[in-house]
Amino acid sequence: MNHEILFRDLGDRRFRFALTGARGGFSRTLLAQIRAIPRLQPAVLCDLDPDGVLALLAELGFPADAARICDTPDAACDAAASGQIVVLRDQSLLGTVPHDILVEATGQPEAGARMALEAIRRGAHVAMVSKEVDSVVGPHLNRLACERGVVYTTADGDQPSNLIGLVTWARLLGFEVVAAGKSSEYDFVFDHATGAVTCAELQGEAPTLADLWMLGEDVGATLARRSAALADLPQSATPDYCEMNVVANSTGLLPSRPELSYPLCRITELADVFIPREEGGILDRTGVVDVFNCLRRPEEVSFGGGVFVVVRAGDRPVWEMLRGKGHLVSRNGRYACLFLPYHWMGLETPVSLLSAAGHGRASGSDTQRVHAVMVARTERDFRAGEMLEMGGHHHIMTDCTPLLLPAAEAEGLAPFYLAANKPLLVDVPRGTLIREEMVDLEGSLLQSLRREVTLPAAG
Numbered sequence: 001m002n003h004e005i006l007f008r009d010l011g012d013r014r015f016r017f018a019l020t021g022a023r024g025g026f027s028r029t030l031l032a033q034i035r036a037i038p039r040l041q042p043a044v045l046c047d048l049d050p051d052g053v054l055a056l057l058a059e060l061g062f063p064a065d066a067a068r069i070c071d072t073p074d075a076a077c078d079a080a081a082s083g084q085i086v087v088l089r090d091q092s093l094l095g096t097v098p099h100d101i102l103v104e105a106t107g108q109p110e111a112g113a114r115m116a117l118e119a120i121r122r123g124a125h126v127a128m129v130s131k132e133v134d135s136v137v138g139p140h141l142n143r144l145a146c147e148r149g150v151v152y153t154t155a156d157g158d159q160p161s162n163l164i165g166l167v168t169w170a171r172l173l174g175f176e177v178v179a180a181g182k183s184s185e186y187d188f189v190f191d192h193a194t195g196a197v198t199c200a201e202l203q204g205e206a207p208t209l210a211d212l213w214m215l216g217e218d219v220g221a222t223l224a225r226r227s228a229a230l231a232d233l234p235q236s237a238t239p240d241y242c243e244m245n246v247v248a249n250s251t252g253l254l255p256s257r258p259e260l261s262y263p264l265c266r267i268t269e270l271a272d273v274f275i276p277r278e279e280g281g282i283l284d285r286t287g288v289v290d291v292f293n294c295l296r297r298p299e300e301v302s303f304g305g306g307v308f309v310v311v312r313a314g315d316r317p318v319w320e321m322l323r324g325k326g327h328l329v330s331r332n333g334r335y336a337c338l339f340l341p342y343h344w345m346g347l348e349t350p351v352s353l354l355s356a357a358g359h360g361r362a363s364g365s366d367t368q369r370v371h372a373v374m375v376a377r378t379e380r381d382f383r384a385g386e387m388l389e390m391g392g393h394h395h396i397m398t399d400c401t402p403l404l405l406p407a408a409e410a411e412g413l414a415p416f417y418l419a420a421n422k423p424l425l426v427d428v429p430r431g432t433l434i435r436e437e438m439v440d441l442e443g444s445l446l447q448s449l450r451r452e453v454t455l456p457a458a459g
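With full-length UniProt numbering applied, the sequence shown covers 1 to 459.
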């Protein structure tokens, strides 16, 4: 695809965007890149730390007078009229500054949903970066956006949108998608000389991995032994479940299993791992989303939190020719893996903004349905009145484990980020899947959207 031709018809048109969660890491990547893209202009930036936003803009090289903190509608209108970027703490003022599209990046489920809903109501497109919102009410916000004639979309640069793009590209070419997924955030880097494994800032000793470096004939057994060798290191992460929920709702692919698989495998093994169990892989069904932990040596390239699809191979001579060119084809010749070993966050997002604002076209799915639900299982006894606290960099829910279920198996269960930061109405024993009636959802916009917006049945 020639992207310059794709957007040539926009000519010199310029599009203004609002950005919430403007002090965050994603927002920095977007603001850094749009300085090189005259078609996109930041109109209003909203964050609980407006002074921090000004400091960020200065770090990125924006002129000292490029932005102004505003506390009132009149001040915001005045700053916008003078050509300045409006910086807000109060999200209710977002609508006072004209913009074509909202980039919602707070990561806060209730607040993010409210800002997206208000943007749709005032006729602005929405690029949803907050997967916490998207996993709960993405289909509902998408439905409302379609009714209003605006676009609601995932944002390129984050794994869900990148994976949706890869899945739909494969389908357009006629491939059957057997599995689609991503690597977890950090690689497991094995030093053969020392037997040490590093994962981000964590380190463990696993000298037995040297004997498990090759996948072997019994794939399941090798993967189980690798996982056991690294039992002291965390091998799953809450955001992965959320991202795969978004992909499932946008593509119709279902979770491979409630606790995603997380095999410790090398990039070169993907086409032998994510295939049916009866053919030597780990899947009990096909057409699924899943996650793996990338195992590599220090000198090998990272998967970079990237995305992949495994497709069913057709004509044997074609795929043997491609194997000869170095492409990832399974040992039995029946499957192949295609992958994008990166996600550049906001550096890639301008394509989604131009697509939505300029062409009225989503980067993700324009027909989202609830195909899967991310739910929470308690890991201790909870008492009535306790808060299901969400926090940390990965927005985990303390003492709760995420699971990803097909929607048909999640009837009455509370979506993970619907329950987050809500008090319990009843005592909840350890090992319980949290249900909606167990949580105080009074005043929850997320719940209102789920109840009031009618969606077509998932096909």
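By construction, the Cβ of each residue, glycine as well, lies at the ideal position given by its N, Cα and C atoms.
Exercise. Can you say whether Gln447 is buried or exposed, counting buried as having 16 or more other CB atoms within 10 angstroms of its CB?
Key: By one-based count along the sequence shown, residue 447 stands at place 447. Answer is buried; the Cβ neighbour count reaches 16.
Quiz item: What are the start and end residues of the alpha helix (DSSP H) that includes Gln159?
Solution: By 1-based counting over the sequence shown, the position of residue 159 is 159. Segment 159 to 172, the alpha helix (DSSP H) holding Gln159.
Practice problem: Please report how far the alpha carbon of Pro109 lies from the alpha carbon of Met390, in whole angstroms. | Solution: As a position in the sequence shown, residue 109 is number 109, starting the count at 1. As a position in the sequence shown, residue 390 is number 390, starting the count at 1. Taking the straight line from one Cα to the other gives about 10 angstroms.
Quiz prompt | Start and end residues, beta strand (DSSP E) containing Thr154 | solution = Taking the sequence shown and counting its residues from 1, one reaches residue 154 at position 154. From DSSP, the beta strand (DSSP E) with Thr154 extends over 152 to 154.
Self-check item: Expected contact under 8 angstroms - CB spacing of Ala206 and Val197 to nearest Å
Solution: Translated into positions along the sequence shown, residue 206 becomes position 206. Translated into positions along the sequence shown, residue 197 becomes position 197. Cβ atoms of Ala206 and Val197 come within 8 angstroms of each other, at about 5 angstroms.
Exercise. Scan the region 316 to 380 and note each continuous alpha helix (DSSP H) run of 4 residues or more that stays entirely inside, going in chain order.
Key: Runs found: 316 to 324, 350 to 359.
Quiz prompt | Contact the region 92 to 110 vs the region 17 to 30: 3+ CB pairs below 8 angstroms | solution = Per the Cβ contact rule, the region 92 to 110 is in contact with the region 17 to 30 (3 or more Cβ pairs under 8 angstroms).
Quiz item: Counting along the chain, where does the beta strand (DSSP E) carrying Arg68 start and finish?
Solution: One-based indexing of the sequence shown puts residue 68 at position 68. Its beta strand (DSSP E) spans residues 67 to 69.
Quiz item: According to DSSP, which residues form a beta bridge with Arg435?
Solution: Here residue 435 is taken as the residue at index 435 of the sequence shown, counted from 1. Its beta-bridge partners are Leu413.
Quiz prompt | Alpha carbon of Thr168 to alpha carbon of Ser330, nearest angstrom | solution = One-based indexing of the sequence shown puts residue 168 at position 168. One-based indexing of the sequence shown puts residue 330 at position 330. Roughly 22 angstroms separates the two Cα atoms.
Practice problem: Tell me whether Ala237 is buried or exposed, calling it buried when 16 or more other Cβ atoms sit within 10 Å of its Cβ. | Solution: For the purposes of this step, residue 237 is identified with residue 237 of the sequence shown, where counting begins at 1. The residue in question, Ala237, is buried, as its Cβ has 16 or more Cβ neighbours within 10 Å.
Practice problem: Leaving aside the five residues before and after His394 along the sequence, list all residues of the same chain whose C-beta is less than 7 angstroms from its C-beta, in chain order. | Solution: Walking along the sequence shown from the start, residue 394 turns up at place 394. Result list for His394: Ala237, Thr238, Pro239, in chain order.
Quiz item: Got a sec? Which residues, its chain only, sit under 7 angstroms from Glu320 by beta carbon, not counting five neighbours each side?
Solution: Along the sequence shown, read from residue 1 onward, the residue named residue 320 stands at position 320. Sequence-distant Cβ neighbours of Glu320 in its own chain, meaning closer than 7 angstroms and more than five residues away, are Gly333.
Quiz item: If residue 492 sits next to Ala127, beta carbons under 8 angstroms apart, how far is it from one beta carbon to the other, in whole angstroms?
Solution: With the chain covering 1 to 459 only, the question about residue 492 has no answer from this structure.
Practice problem: With a cut-off of 8 angstroms on the beta carbons, I'd call Lys131 and Val318 a contact; round off their distance for me. | Solution: Position 131 of the sequence shown, counted from the first residue, corresponds to residue 131. Position 318 of the sequence shown, counted from the first residue, corresponds to residue 318. Contact flag wrong, Cβ pair sits at about 37 angstroms.
Practice problem: Measure how close the beta-carbons of Arg68 and Val87 come, nearest whole angstrom, since I'm counting them as under 8 angstroms. | Solution: Stepping through the sequence shown from its first residue, residue 68 is reached at position 68. Stepping through the sequence shown from its first residue, residue 87 is reached at position 87. Going by Cβ atoms, the distance from Arg68 to Val87 rounds to 7 angstroms, so yes, they are a contact pair.
Quiz item: In three-state terms, what does DSSP make of Ser183?
Solution: Translated into positions along the sequence shown, residue 183 becomes position 183. Secondary structure at Ser183: strand, using DSSP grouped into helix, strand and coil.
Practice problem: Inspect the beta-carbon positions of Phe357 and Ile101 and report whether they are closer than 8 angstroms. | Solution: Your numbering for residue 357 matches position 357 in the sequence shown. Your numbering for residue 101 matches position 101 in the sequence shown. A small fix is needed here, since residue 357 is Ala in this sequence, not Phe. Yes. Within cutoff.
Quiz item: First and last residue of the alpha helix (DSSP H) that includes Val244?
Solution: Residue 244 sits at position 244 when you count from the first residue of the sequence shown. Note that residue 244 is Met in the sequence shown, not Val. For Met244, the enclosing alpha helix (DSSP H) stretches over residues 238 to 251.
Quiz prompt | Alpha-carbon to alpha-carbon, Val219 and Leu144 | solution = Sequence index remark: in the sequence shown, residue 144 carries index 144 (1-based). Sequence index remark: in the sequence shown, residue 219 carries index 219 (1-based). Taking the straight line joining both Cα atoms gives about 45 angstroms.
Quiz item: Can you name the start and end residues of the alpha helix (DSSP H) that Asp304 belongs to?
Solution: Locating residue 304 in the sequence shown gives position 304, counting from the first residue. The sequence shown places Gly at residue 304, rather than the Asp named in the question. Note, Gly304: premise wrong, no alpha helix (DSSP H); not H, not E.
Quiz item: Grouping DSSP H, G and I as helix and E and B as strand, with all else coil, what is Ile5?
Solution: Locating residue 5 in the sequence shown gives position 5, counting from the first residue. Of the three classes helix, strand and coil, the one that applies to Ile5 here is helix, per DSSP.
Self-check item: Nearest neighbour of Tyr262, chosen from Ile282, Leu254, Thr251, Ala248 [CA to CA]
Solution: Translated into positions along the sequence shown, residue 262 becomes position 262. For the residues Ile282, Leu254, Thr251, Ala248, the minimum Cα distance to Tyr262 belongs to Ile282.
Quiz prompt | Residues near Ser355 by beta carbon distance below 6 angstroms, same chain, minus five either side | solution = As a first step, residue 355 is located in the sequence shown; it is residue number 355 there, counting from the start. By the criterion of a C-beta distance shorter than 6 angstroms, Ser355 is surrounded in its chain by Arg361, Ser363, once the five residues flanking it on both sides are discounted.
Self-check item: Buried or exposed by the 16-neighbour rule on C-beta atoms within 10 Å, applied to Gln203
Solution: Position 203 of the sequence shown, counted from the start, is the residue given in the question as residue 203. Exposure of Gln203 is indicated by the presence of fewer than 16 other C-beta atoms within 10 angstroms of its C-beta.
Quiz item: Which residues mark the beginning and the end of the beta strand (DSSP E) in which Arg39 is found?
Solution: Here residue 39 refers to the residue found at position 39 when the sequence shown is read from its first residue. Neither: Arg39 is in no beta strand (DSSP E) and is coded neither H nor E.
Exercise. Would you check if the distance between the CB atom of Asp290 and the CB atom of Ala179 is smaller than 8 angstroms?
Key: Translated into the one-based positions of the sequence shown, residue 290 becomes position 290. Translated into the one-based positions of the sequence shown, residue 179 becomes position 179. Cβ distance < 8 angstroms, so Asp290 and Ala179 count as in contact.
Quiz prompt | Inter-residue Cα distance where the pair is residue 507 and Ala64 | solution = Because the chain spans 1 through 459 in this model, residue 507 falls outside it and cannot be assessed.
Quiz item: Are the region 257 to 274 and the region 134 to 150 in contact at 8 angstroms, needing three or more beta carbon pairs?
Solution: Flag = no, the region 257 to 274 and the region 134 to 150 do not touch.
Practice problem: Assign Gln108 to one of three DSSP states: helix, strand, or coil. | Solution: The residue given as residue 108 occupies position 108 in the sequence shown. Of the three classes helix, strand and coil, the one that applies to Gln108 here is coil, per DSSP.
Quiz item: Glu208: which of Ala420, Cys199, His3, Gly195 sits nearest, CA to CA?
Solution: Position 208 of the sequence shown, counted from the first residue, corresponds to residue 208. One detail in the question is off: residue 208 reads as Thr in this sequence, not Glu. Ranking Ala420, Cys199, His3, Gly195 by Cα distance to Thr208 puts Gly195 first.
Quiz item: Glu104: beta carbon under 7 angstroms from a heavy atom of the ligand SAM?
Solution: Questions concerning the ligand SAM fall outside what the structure shown contains, since it holds no ligand whatsoever.
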